[in-house]
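Inspection log for the structure reproduced underneath, given as structure tokens.
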Amino acid sequence: MSYGLLLLRVVVGLVFFAHGTQKLFGWWGGYGLKGTAGWLGSVGFRPPALMALLVALSESAGLLLALGIVTPLAAVLVASTMVVAVGAVHWKAGFFSTNGGYEFNLVLWAGAIAVAATGPGRFSLDHAFHWDDNISGGRWGLGALVLSVAGGLLVLATRTTPPPAPEPAAATEPAEDF
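What follows is the structure in structure tokens.
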């Protein structure tokens with residue numbers, strides 16, 4: 139079980155870390171904070187610069203998850219970003235990620251919650267510091283689940299919806315003079 143937890147924690151954590159550093163530093167083809175803020179503003183998040191920093195730091199907490207340090211906190215931070223991503227962007231596209239849907243986000247969210255529920259495992263910094271006895275188990279998983287959903291929904295509730303695109307002017311036929 140320890141090897142499985144290690145694999146899950148490292149893969150899920152590093153995926154989040156990579157996405158966070160795209161937003162934070164523009165690494166790996168990302169847009170950095172400025173580009174992320176611009177996009178977040180365009181989909182209704184206010185203030186966009188602060189929201190960009192928060193999402194970038196939350197996703198970068200994937201490194202904490204990968205290392206297995208303060209694991210429940212890391213799980214809540216990364217999982218919350220997936221709730222927001224699904225609610226703001228992916229839900230309307232349906233389930234499959236090939237259509238822009240939320241399946242990838244759901245898998246990452248579930249992986250983070252599963253790690254919080256089972257604990258960081260033997261190969262973690264939490265274990266090395268003897269913290270894992272106090273921060274693992276079903277109640278931690280349930281807490282991470284509830285906090286990630288509540289936190290994500292709170293962020294979504296503060297979002298302003300961008301104005302709809304203007305409708306094209308209706309073509310009118312010239313009046314006929316009889």
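Numbered continuously in the working numbering, the sequence shown closes out at residue 316. Backbone N, C-alpha and C fix where the C-beta goes; we use that ideal spot for every residue, glycine too. Computed from a predicted structure; not experimentally measured.
Closest Cα partner of serine 140 within the set Gln160, Phe261, Trp177: Of Gln160, Phe261, Trp177, the smallest CA-CA separation from serine 140 is found for Phe261.
Sequence-distant residues of the same chain with beta carbon closer than 6 Å to methionine 189, five excluded per side: Hits under 6 Å: Leu178, Phe183.
DSSP three-state assignment for histidine 265, whether helix, strand or coil: It is helical.
Phenylalanine 267 classed as buried or exposed, judged by whether at least 16 other C-beta atoms fall within 10 angstroms: With fewer than 16 other Cβ atoms inside 10 Å of its own Cβ, phenylalanine 267 counts as exposed.
Secondary structure of phenylalanine 316, DSSP reduced to three states: Bear in mind that the predicted position of phenylalanine 316 carries a pLDDT of just 47, short of 50, making it unreliable; the figure below should be weighed with that in mind. Phenylalanine 316: coil per DSSP, three-state reduction.
Local conformation of tyrosine 169 per DSSP, three classes: Annotated three-state conformation of tyrosine 169 is coil, per DSSP.
Buried or exposed (CB count within 10 angstroms, at least 16 for buried), proline 180: According to the sequence provided, residue 180 is serine. The question's proline does not apply to it. Burial call: exposed.
Between the CA atoms of arginine 277 and phenylalanine 233 - distance to the nearest angstrom: One Cα belongs to phenylalanine 233, the other to arginine 277, and the distance between them is close to 29 Å.
Boundaries (first-last residue) of the alpha helix (DSSP H) holding arginine 184: Per DSSP, arginine 184 belongs to no alpha helix (DSSP H) and is neither H nor E.
Straight-line Cα distance separating threonine 296 from valine 149: CA-CA distance, valine 149 to threonine 296, rounds to 31 Å.
Backbone CA spacing between leucine 201 and phenylalanine 163 [nearest angstrom]: The straight-line gap from Cα to Cα measures roughly 15 Å.
Those runs of the beta strand (DSSP E) which lie wholly inside the region 277-301 and span at least 3 residues: The region 277-301 contains no whole beta strand (DSSP E) run of 3 or more residues.
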